[in-house]
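Enquirer: In the UniProt record's numbering, the protein residues as written are 1 to 381.
Just so it is clear, CB atoms sit at the ideal spot from N, CA and C, and this is done for glycine as well.
From a predicted model like this one, the values you see are computed outputs, not experimental measurements.
Structure below.
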């Protein structure tokens, strides 16, 4: 790629990413809404240790102006932390009609919080849907003053740690390339209609992990779960890292801002990281996954920081893409593909990766002046 083409592509890509990312004012609005939810939870459960925690795009620093607000209600104690399965089992033991939706399906905190949120008039929150009869119960809300959609789940704490890990990756790069690149890839996937895990494609979380993993391979990001890095952190901290276990999974990762800031400075000063531009990385992302990464033999693993061999991975399915959850190691985020027995969604994803690579490569040869139009074609405009 010529220097002029690289600079032109980088500028056009950054302009699009800046327009897509939420402004600081919008982020403050998201945080204020979360604080309102927190206040309701505290009023409902005084002194019990309940709280509302953020996860998803707002927590990671990857939100757009129209992002949903993802929160989780974290309870304490046996009753507060009951899942839908626990409630159904309890109902069966008591002879209740556990199959009736809305009667025994939702855990007690969900029913109580739903009532509290709609108490009085006017209310700041409107309940759109209550999905209690599910592995992870969810209240779908709208914050009426700002028209913000909210997904409030219950006791799904792993998502909070996933978001904290991703936020650490976003903040680590001192050249601020992670958020723009993730934003461009997510926008591309949405424009090409391959970003819906309920419709035989992949979730935004899966694409975000693909970007982080690619940047690990390119030397832009370290592996924040690597044993060596964790040992270095413990030596710097002068104490063992606290053990965190959630739903049986041991979560070990570094999210200490001070330590990671010093590590980033050291890598910058010692030239131990890539200084590739956004333009170069954008082309590299599509090239890597369209024609370099061996999907037949390996799965994407941010946890390992290198391709995970598919052999011996129980979650992997032959012939299907594989993206490992950073903490739930036997969870494949590509399990949303091919549920009807055919991998048509995967075929579309591979086709779109190749299309994007070819558009960008064609744009490189066409001259720097055409790259704005090239990005518009890439994003499906």
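Find the nearest neighbour of residue 12 within the set 231, 263, 143 and 277, judged by alpha-carbon distance.
Expert: For residue 12, the nearest C-alpha among the options comes from 277.
Enquirer: So, is residue 79 buried or exposed, given that buried needs 16 or more other C-beta atoms within 10 angstroms?
Expert: Annotation note: pLDDT 40 at residue 79 (below 50); position unreliable, no value reported.
Enquirer: Report the three-state DSSP secondary structure of residue 119 (helix, strand or coil).
Expert: coil
Enquirer: At what residues does the alpha helix (DSSP H) containing residue 53 begin and finish?
Expert: Per DSSP, residue 53 belongs to no alpha helix (DSSP H); it is in the beta strand (DSSP E), 51-55.
Enquirer: With a threshold of 8 Å on Cβ separation, who are the neighbours of residue 426 within its own chain once the five nearest residues in sequence on each side are excluded?
Expert: Nothing about residue 426 can be read from this structure; the chain reaches only from 1 to 381.
Enquirer: Within its chain, find whatever has a CB closer than 6 Å to the CB of residue 41; leave out the 5 residues flanking it on each side and keep chain order.
Expert: 50 and 52
Enquirer: Go ahead and pull the three-state DSSP assignment for residue 18.
Expert: helix
Enquirer: Among the candidates 196, 45 and 343, whose CA atom is the shortest distance from the CA of residue 74?
Expert: 45
Enquirer: Would you tell me roughly how many angstroms separate the C-alpha atoms of residue 130 and residue 231, rounded to the nearest one?
Expert: Their backbone Cα atoms lie some 44 Å apart in a straight line.
Enquirer: Would you decide whether residue 43 is buried or exposed? Buried here means 16 or more other CB atoms lie within 10 Å of its CB.
Expert: So residue 43 ends up on the exposed side.
Enquirer: Roughly how many angstroms lie between the CA atoms of residue 221 and residue 173, to the nearest whole one?
Expert: 7 Å
Enquirer: Anyone know if the C-beta pair for residue 246 and residue 157 falls short of 7 Å?
Expert: yes
Enquirer: Classify residue 391 as helix, strand or coil using the three-state DSSP reduction.
Expert: Because the chain in this structure spans residues 1 to 381, residue 391 falls outside the shown range and cannot be described.
Enquirer: Which residue comes first and which comes last in the alpha helix (DSSP H) that contains residue 287?
Expert: It spans 278-287 - the alpha helix (DSSP H) in which residue 287 sits, taken as one unbroken run.
Enquirer: When we look at the beta-carbon of residue 128 and count the other beta-carbons within 10 Å, is it buried (16 or more) or exposed?
Expert: exposed
Enquirer: Please state the DSSP three-state secondary structure of residue 138.
Expert: strand
Enquirer: Going by the CB atoms, is the gap between residue 345 and residue 200 shorter than 7 Å?
Expert: yes
Enquirer: Are there 16 or more other CB atoms within 10 angstroms of the CB of residue 323, so buried, or fewer, so exposed?
Expert: buried
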